[in-house]
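Down below is the structure, laid out as structure tokens.
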Amino acid sequence: MAELSLATGLFLLSASFFAGFIDSIAGGGGLIQLPALLIALPKTETVTILGTNKLGSVFGTTVAAGLYRRVIKPEPKVLLAMAVPAFVGSAGGASLASSIPTSSMRPLVLILLIVVAIYTWLKPDLGKIELLRHHSARRIQIAALAGAIIGFYDGIFGPGTGSFLMLILVASLGYAFITASAIAKVVNVSTNLGAILIFGFNGAIIWQIGLALGAANVTGAIIGSRLAIRGGSTLVRKTFMVVTVALIIKVGIDTFQSF
């Protein structure tokens with residue numbers, strides 16, 4: 000942090016705080032923290048920005064996951080079945096992050112995010128109450144496959160990971176939004192750790208900045224997760240929609256600027 004000006008440092012810490020706050024409710028913290036790092040560190044390689052962002056995020060996500068787990072107890076088998084493949088997938092994605100141009104992924108991600116937003120908007124009762132679908136073994140299979148695919152995506156690119164996790168958990172498996180948020184936090188911790196393992200091994204993390212951001216991220220996550228637990232699925236759904244629309248705008252701008 001010594002190489003940063005005071006203003007830049009405060010800018011990054013503020014961004015990380017709000018990222019932790021938003022992410023703890025409905026995901027999408029990378030929408031704030033990642034662009035802030037790109038602005039503050041314009042000469043730093045993108046892969047190092049991605050690694051530093053993951054380190055800054057994992058602390059807040061871990062704290063939020065712990066707070067949710069005190070109140071919400073989803074099926075342990077589903078949780079584990081989704082988190083383990085997500086860890087492996089994220090590590091695989093992170094290992095390819097520096098070799099695959101992420102700009103080629105943006106149009107597909109943009110389309111998927113629009114589908115997520117429209118689907119959620121057209122179903123106002125989606126995720127208000129918990130109506131689990133499929134038998135237990137089938138839920139575990141779907142969770143494992145989704146965890147691996149979304150984990151890989153999070154490791155290699157990342158924007159919209161929380162939206163995709165939430166939609167699978169709510170629309171496909173039948174969880175309420177508040178429970179889906181609790182599961183998504185644990186899975187997101189797993190994807191962050193998988194990516195950090197690879198980025199750290201390759202020296203693609205600025206540890207001092209990442210750890211400082213982590214402290215601010217934790218503060219935001221504590222406030223956000225407590226607010227989400229009090230507000231329940233209604234608050235999480237509203238925040239989810241706002242975050243998804245913001246992601247559509249951000250990814251859309253990035254997509255058209257790359258042409």
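Take 0 as the starting number for the sequence shown in numbering that gives the first Met the number 0 and just add one per residue.
All C-beta atoms in this analysis are idealised placements derived from N, C-alpha and C, irrespective of residue type, glycine included.
These figures come from a predicted structure and were not determined experimentally.
Report task. Would you identify the three-state DSSP class for A203, choosing helix, strand or coil? Result -> Working through the sequence shown from its first residue, we reach residue 203 at position 204. Reduced to three states, the DSSP call for A203 is coil.
Query raised in the report: Roughly how many whole angstroms lie between the Cα atoms of M0 and E129?
Result: One-based indexing of the sequence shown puts residue 0 at position 1. One-based indexing of the sequence shown puts residue 129 at position 130. Caution is warranted here: a pLDDT of 46 is assigned to M0, below 50, making its placement in the model unreliable, and the coordinate value is therefore given only provisionally. The alpha-carbon atoms of M0 and E129 are separated by roughly 45 Å.
**Report entry** As assigned by DSSP and simplified to three states, the class of Y67
**Finding:** The residue labelled residue 67 in the question sits at position 68 within the sequence shown. Correct three-state label for Y67: helix.
**Report entry** Spatial distance of L95 from G161 (CA atoms)
**Finding:** For the purposes of this step, residue 95 is taken as residue 96 along the sequence shown, with counting starting at 1. For the purposes of this step, residue 161 is taken as residue 162 along the sequence shown, with counting starting at 1. Roughly 21 Å separates the two Cα atoms.
**Report entry** Cβ contact check for the segment 10-29 and the segment 211-231: 3 or more pairs under 8 Å
**Finding:** Of all C-beta pairs linking the segment 10-29 to the segment 211-231, three or more are shorter than 8 Å, placing the two stretches in contact.
Query raised in the report: Buried or exposed: where does L12 fall if 16 or more other Cβ atoms within 10 Å of its Cβ makes it buried?
Result: As a first step, residue 12 is located in the sequence shown; it is residue number 13 there, counting from the start. Classification for L12: buried.
Query raised in the report: Any idea what DSSP makes of G27, helix, strand or coil?
Result: For the purposes of this step, residue 27 is taken as the residue at position 28 of the sequence shown. The answer is coil: DSSP assigns G27 none of H, G, I, E or B.
Query raised in the report: Just how far apart, CA to CA, sit P84 and A39?
Result: By 1-based counting over the sequence shown, the position of residue 84 is 85. By 1-based counting over the sequence shown, the position of residue 39 is 40. Cα to Cα, the separation comes out at about 33 Å.
**Report entry** Status (buried if at least 16 other CB within 10 Å, exposed otherwise) for G231
**Finding:** Working through the sequence shown from its first residue, we reach residue 231 at position 232. Classification for G231: exposed.
Requested in this report: Tell me whether D124 is buried or exposed, calling it buried when 16 or more other Cβ atoms sit within 10 Å of its Cβ.
Outcome: Start at 1 with the first residue of the sequence shown, and residue 124 comes out as number 125. Label assigned to D124: exposed.
Query raised in the report: Is DSSP giving I117 helix, strand or coil here?
Result: In the sequence shown, residue 117 corresponds to position 118, counting from 1. If DSSP states are grouped into helix, strand and coil, I117 belongs with the helices.
Query raised in the report: Given that a residue counts as buried once 16 or more other Cβ atoms are within 10 Å of its Cβ, and exposed if not, what is K249?
Result: For the purposes of this step, residue 249 is taken as the residue at position 250 of the sequence shown. By the Cβ-count criterion, K249 is buried, with 16 or more other Cβ atoms from all chains shown falling within 10 Å of its own Cβ.
Query raised in the report: Considering only residues of the same chain and omitting the five flanking positions on each side of V244, which have a CB-CB separation below 7 Å?
Result: In the sequence shown, counting from the first residue as 1, residue 244 sits at position 245. Cβ neighbours of V244 beyond the five flanking positions: A116.
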